[in-house]
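Under numbering that gives the first Met the number 0, the first residue of the sequence shown carries the number 0, and numbering increases by one thereafter.
Okay, structure first, notes after.
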Amino acid sequence: MKSLEKGSYSFSSILEVSRQLEQDIIHLDFESLNLHERVKSYFRFDLGKIKYVSECNAFILFHILNDSLINIQDHIIIDHGAGIGFFSFLVKRIGAKCISHDISEEYLEGIKILAKELNAEPDYYILGDTDILVEYCNSNMLKPTGLGSRNVIEHLPDYAQFFKQLSVLKSDKFNSVITTSANIHNPIVKQIHRKIHSKYETLGSNMDMDNPTLDTANCGMKLRSEIIKNQFPELDQKLIEKLAKRNRGFVQAQIIERTQAYIQTGLLPVLSQDSTNTCDPYTGAWVERLVSVKEYERAAQNAQFKFSIITGFYNTQYHSKIKNIIAIILNKILKLNPPFKLQLSPFLAMKLVK
């Protein structure tokens with residue numbers, strides 16, 4: 000596919016490239032490749048909604064590029080939390096340079112294998128947290144022009160810190176487009192995510208993306224109870240469970256500190272007021288964290304970014320005709336930019352400009 004020329008960054012032109020990539024992905028015999036099972040699981044998961052994934056990736060890339068005046072080959076775009084690299088491959092297919100970044104070595108190794116098969120190899124691979132990404136770019140005199148991030152920010156331990164880290168990139172102009180399915184403003188989406196929080200707290204979570212079986216060992220209440228029991232074995236089980244419940248949304252060091260304060264004062268720890276949000280107490284990774292646009296905006300502005308909201312859209316590729324008809328109608332309403340667009344949008348999409 001011929002790369003885009005300056006001035007041709009229309010959504011339709013980017014979507015055309017994304018659709019061709021989609022077909023190449025569909026016809027790729029990934030099962031025969033030497034990929035980690037987690038990568039294969041992720042691949043199967045995305046294949047089930049590949050048309051929507053393609054549209055979302057084109058949407059993100061379009062909004063990174065749509066106010067750009069430089070040639071496509073002069074762009075360096077970060078695929079933040081790259082997963083198995085479908086966005087990275089699109090960036091390469093349109094002719095830009097790409098940095099694939101993830102905290103998972105298995106995923107980055109998977110991207111390398113898939114990229115060769117798809118003739119869309121990223122220029123740089125960076126393993127680690129955002130601080131490592133930024134340090135690599137700055138120390139190697141890389142000046143990224145954009146960042147695309149899809150369904151990652153709701154898991155980050157600290158999104159405000161993430162924005163501040165991005166703000167020190169030595170870029171002349173930098174557009175970040177960040178989307179998350181955890182839209183607290185849409186009442187239906189909010190309720191779905193609260194159920195996910197509750198499931199993690201009491202039952203566990205599924206570690207395999209295309210397998211709904213829950214891993215009961217990875218259960219919020221259980222993990223926090225174990226932390227308290229190991230540190231304070233003198234406490235009885237009922238009290239441990241009460242303390243574990245009141246420490247939802249806190250990490251190990253905080254849980255120990257708050258429990259120690261209870262032992263000294265007799266006052267139970269104050270419950271987090273952060274909706275029903277809960278996190279892995281060892282890593283700090285949030286479980287589909289619900290955050291308001293105002294909170295994201297405040298954090299972005301504190302990091303010296305200009306902040307704006309982009310209207311999201313619904314998947315129209317369901318097997319159910321009724322679902323597709325409803326989705327098409329909702330998308331037409333969203334295109335009218337109604338005052339209640341945040342409440343109607345299926346996901347949040349934010350643009351941060353430096």
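Beta carbons: idealized from backbone N, C-alpha and C, even for Gly.
Skipping 5 residues on each side, what residues in its chain have a beta carbon closer than 7 angstroms to that of SER166? Closer than 7 angstroms at the Cβ level, and outside the excluded window around SER166, lie ALA302, GLN303, PHE304, LYS353.
Is it buried or exposed, THR264, if we count other Cβ atoms within 10 angstroms and call 16 or more buried? exposed
Collapsed DSSP secondary structure at PHE29 in the structure displayed: Of the three classes helix, strand and coil, the one that applies to PHE29 here is helix, per DSSP.
ASN205 to ASP45, Cα distance in whole Å? 16 angstroms
Can you tell me which of the three DSSP states THR431 falls into? With the chain represented from 0 up to 353, any question about residue 431 goes unanswered, as that position is not in the structure.
Return the CA-CA distance between ILE24 and ILE125, expressed in angstroms with no decimal places. 23 angstroms
Determine the direct distance from the alpha carbon of GLY283 to that of HIS196, and round the result to whole angstroms. 14 angstroms
Can you grab the Cα-Cα spacing for the pair GLU296 / LEU32, in whole Å? 42 angstroms
Looking at the structure shown, is ASN229 part of a helix, part of a strand, or coil, going by DSSP? helix
Give me the Cα-Cα distance between SER40 and LEU266, rounded to the nearest whole angstrom. 46 angstroms
Looking at the secondary structure, which residues open and close the alpha helix (DSSP H) in which VAL286 lies? In the DSSP annotation of this structure, VAL286 is not part of any alpha helix (DSSP H), being labelled neither H nor E.
In whole angstroms, give me the CA-to-CA distance for LYS241 and CYS278. 17 angstroms
For ASP78, is the classification buried or exposed, using 16 other Cβ atoms within 10 angstroms of its Cβ as the cut-off for buried? buried
Contact between the stretch 270–277 and the stretch 323–338 is defined here as three or more beta-carbon pairs at a separation below 8 angstroms; is this criterion met? Between the stretch 270–277 and the stretch 323–338 there are fewer than three inter-stretch CB-CB distances shorter than 8 angstroms, so the stretches are not counted as touching.
Quick one: residues in its chain with C-beta nearer than 6 angstroms to the C-beta of ALA119, no 5 flanking neighbours on either side, listed in chain order? PHE88, LYS91, ARG92
What is the residue span of the alpha helix (DSSP H) that LEU165 lies within? 158–166
Look up HIS100 in the DSSP assignment and give the residues it is bridged to. HIS79, ILE125
Would you mind giving the Cβ-Cβ distance between ALA442 and SER17, rounded to the nearest angstrom? I have them listed as a contact below 8 angstroms. Not covered by the structure: residue 442. The range shown for the chain is 0 to 353.
For the beta strand (DSSP E) containing ARG149, name the first residue and the last one. 145–149
Please confirm whether PRO280 and GLN251 have their CB atoms less than 7 angstroms apart. yes
For SER99, is the beta carbon positioned less than 6 angstroms from some heavy atom of the ligand GDP? As presented, the structure is devoid of all ligands, the ligand GDP included, so that no description of it is given.
For the pair the stretch 308–323 and the stretch 217–236, tell me if three or more CB-CB distances fall below 8 angstroms. Taking one beta carbon from each stretch, the stretch 308–323 and the stretch 217–236 have fewer than 3 pairs nearer than 8 angstroms; the two do not touch.
Among HIS154, PHE161, THR315, GLY248, nearest to LEU270 - alpha-carbon criterion: GLY248
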